[in-house]
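Okay, structure first, notes after.
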Amino acid sequence: MISKRASGFTPFIVMDIMAKAEEMERKGEHIIHMEVGEPDFPTPKAVIDAAVVALKNNKTRYTHALGLLELRQAICDFYLREYGVSISPDQVLISTGTSPVLLFAMLALLDHGDEVIVSNPRYPCYQNFILAAGGRLREIQTYPEEGFQYRHQDIAKKLSRRTKGIMINSPCNPTGIVMSREQLQDIARFDAPYIISDEIYHGLVYRDRAHSILEFTDRAFVINGFSKLYAMTGWRLGYLIFPKKFSAVMQRIHQNFMISAGGFIQWAGIAALAKTKTAVRTMIRTYDERRRYMLARLTDMGFVIHVEPTGAFYVFADGRRFFTDSYQEAFRITEKAKVGVTPGIDFGSGGEGFLRFSYATSLENIRKGLDRLERFLKKKK
Ligand code: PMP
Numbered sequence: 060m061i062s063k064r065a066s067g068f069t070p071f072i073v074m075d076i077m078a079k080a081e082e083m084e085r086k087g088e089h090i091i092h093m094e095v096g097e098p099d100f101p102t103p104k105a106v107i108d109a110a111v112v113a114l115k116n117n118k119t120r121y122t123h124a125l126g127l128l129e130l131r132q133a134i135c136d137f138y139l140r141e142y143g144v145s146i147s148p149d150q151v152l153i154s155t156g157t158s159p160v161l162l163f164a165m166l167a168l169l170d171h172g173d174e175v176i177v178s179n180p181r182y183p184c185y186q187n188f189i190l191a192a193g194g195r196l197r198e199i200q201t202y203p204e205e206g207f208q209y210r211h212q213d214i215a216k217k218l219s220r221r222t223k224g225i226m227i228n229s230p231c232n233p234t235g236i237v238m239s240r241e242q243l244q245d246i247a248r249f250d251a252p253y254i255i256s257d258e259i260y261h262g263l264v265y266r267d268r269a270h271s272i273l274e275f276t277d278r279a280f281v282i283n284g285f286s287k288l289y290a291m292t293g294w295r296l297g298y299l300i301f302p303k304k305f306s307a308v309m310q311r312i313h314q315n316f317m318i319s320a321g322g323f324i325q326w327a328g329i330a331a332l333a334k335t336k337t338a339v340r341t342m343i344r345t346y347d348e349r350r351r352y353m354l355a356r357l358t359d360m361g362f363v364i365h366v367e368p369t370g371a372f373y374v375f376a377d378g379r380r381f382f383t384d385s386y387q388e389a390f391r392i393t394e395k396a397k398v399g400v401t402p403g404i405d406f407g408s409g410g411e412g413f414l415r416f417s418y419a420t421s422l423e424n425i426r427k428g429l430d431r432l433e434r435f436l437k438k439k440k
């Protein structure tokens, strides 16, 4: 018998779209992938070189359960440099991606029935981390015209004795929208025990800058990692920053459930923070060029972009004038137009009528993919 808890885990629909696209590719079809949330750039050479050196130096063992002290210190230095916030290495946990640290944060925070406030739409995995730890979701509907941000009064209404955290994600997947200083300040002022801030898209910002929640409160769990900014999805390296009093429990959780992240991979992480400035700058410039092109084309085709996305590598486009059922439409576009796109419904009912387009693919692919989509939509009319 499968447990009730596991049966309750919701699927990640984008994976079904990818599977469909791959099945078509095996039959010889040419698909343009705009569904995937994964950088198309190779990992910067300095990172690969550091991993090779570490491997040759036999850095192939377990490390401290919280992670290599050198990498934790480098992360503290990074947060000081970038955001002016002081944290210490005993407030940092390194793990195999941000996904596991999200689960560990929930395990450390939630008792059975405790609540976490999440927005609708949101990154689809959040709910499953909360459910896995025995928690409950308190969903708040957000609206396209308001950049899918929480309304202050809606949070105030949902706070209860059981609220353990408010989840935020800026720059956001799926919307690409970056929260302002004022919006973060407003969230930080709530009387909720903790803010859980997913900062994995930090650095991938094309105007102004992203602020860390730690600039406004230390009652926060910050989730960040190397997958996106440093094009390191397959390396599996991420981290959690937490309030000091959680240090011993985070160490205990990690000792038991993961032991540690890979030794040589953590050494490569140090190089990612220290030696990739030029490579990262080039990636950002390229993403931005694609972003502008995609926004112009989608708007031209009749999609509505309510608030300009200035971060991550996604455009969340309102296609309600073309369709109502985003799930069906995403499959139709994949099958008929041969372009992979993610249905808005993957991110919750608040994303219905939308499609998420990723610009983590070449400008040439984006141009071709959008040409195909345009022809498909014209035929529909
Ligand atoms: N948070 C968000 C918002 C994401 O988009 C992703 C990756 N799609 C993750 C967390 C997880 O990233 P990883 O486990 O590769 O660090």
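If you count the sequence shown from 1, you need to add 59 to reach this note's numbering.
Quick reminder that beta carbons are idealized off the backbone N, C-alpha and C, glycines included.
Here the structure is a predicted model, which means the values were calculated and not measured.
### Message
On the CB-based measure, 16 or more other CB atoms within 10 Å of its CB, does residue 89 come out buried or exposed?
### Response
By one-based count along the sequence shown, residue 89 stands at place 30. By the neighbour-count rule (16 or more Cβ atoms within 10 Å), residue 89 is not buried but exposed.
### Task
Give me every residue whose Cβ sits closer than 6 angstroms to any heavy atom of the ligand PMP, in chain order.
96, 156, 157, 158, 182, 228, 232, 257, 259, 284, 286, 292, 297
### Query
Going by alpha carbons, who is nearest to residue 406 out of 179, 103, 125?
By 1-based counting over the sequence shown, the position of residue 406 is 347. For the residues 179, 103, 125, the minimum Cα distance to residue 406 belongs to 179.
### Query
Which runs of the beta strand (DSSP E) fall wholly inside the stretch 147-174 and span at least 3 residues, in chain order?
151-154
### Message
Please report the distance separating the alpha-carbon of residue 296 from that of residue 334.
### Response
Mapped onto the sequence shown, residue 296 falls at position 237. Mapped onto the sequence shown, residue 334 falls at position 275. Approximately 17 angstroms between the Cα atoms of the pair.
#### Entry: Length of the line joining the Cα atoms of residue 372 and residue 348
Counting from one through the sequence shown, the residue named residue 372 turns up at place 313. Counting from one through the sequence shown, the residue named residue 348 turns up at place 289. The alpha-carbon atoms of residue 372 and residue 348 are separated by roughly 11 angstroms.
### Task
Evaluate residue 408 with the Cβ neighbour count: other Cβ atoms within 10 Å of its Cβ, from every protein chain shown; 16 or more gives buried, anything less gives exposed.
Walking along the sequence shown from the start, residue 408 turns up at place 349. Result: exposed.
### Message
Within 8 angstroms, do at least three Cβ pairs link the stretch 117-130 to the stretch 266-273?
### Response
no
### Message
Give me the residue from 261, 140, 365, 223 with the minimum Cα distance to residue 170.
### Response
Locating residue 170 in the sequence shown gives position 111, counting from the first residue. The shortest C-alpha separation from residue 170 is found at 223.
#### Entry: Pairwise C-alpha distance: residue 86 and residue 80
Here residue 80 is taken as the residue at index 21 of the sequence shown, counted from 1. Here residue 86 is taken as the residue at index 27 of the sequence shown, counted from 1. Going by the C-alpha atoms only, they are around 10 angstroms apart.
### Message
On a Cα-Cα basis, can you pick out the residue from 306, 106, 399 that is closest to residue 39?
### Response
Residue 39 is absent from the structure shown; the chain starts at 60 and stops at 440.
### Message
Quick check on DSSP: helix, strand or coil for residue 111?
### Response
The residue given as residue 111 occupies position 52 in the sequence shown. The answer is helix: DSSP assigns residue 111 an H, G or I state.
### Task
Alpha carbon to alpha carbon, how far is residue 435 from residue 396? Give it in angstroms, no decimals.
Taking the sequence shown and counting its residues from 1, one reaches residue 396 at position 337. Taking the sequence shown and counting its residues from 1, one reaches residue 435 at position 376. Roughly 6 angstroms between the two C-alpha positions.
### Query
Once you ignore the five residues that flank residue 172 on each side, which residues in its own chain have a CB closer than 8 angstroms to its CB?
To locate residue 172, count along the sequence shown from 1; it is residue 113. Excluding residues within five positions, the ones whose Cβ falls inside 8 angstroms are 193, 194, 195, 221.
### Query
Can you name the start and end residues of the beta strand (DSSP E) that residue 441 belongs to?
A question about residue 441 goes unanswered here, because the residues of the chain that appear run from 60 up to 440.
### Task
Could you have a look at residue 226 and say whether DSSP puts it in helix, strand or coil?
Here residue 226 refers to the residue found at position 167 of the sequence shown. Strand at residue 226.
### Task
Have a look at residue 124 and residue 153 and give me their C-alpha separation to the nearest angstrom.
Counting from one through the sequence shown, the residue named residue 124 turns up at place 65. Counting from one through the sequence shown, the residue named residue 153 turns up at place 94. Computed Cα separation, rounded: 8 angstroms.
### Message
Would the stretch 110-120 count as touching the stretch 306-314 if we require 3 or more Cβ pairs under 8 angstroms?
### Response
no
### Task
State the start and end residues of the unbroken alpha helix (DSSP H) segment that holds residue 64.
Position 5 of the sequence shown holds residue 64. Note, residue 64: alpha helix (DSSP H), 63-66.
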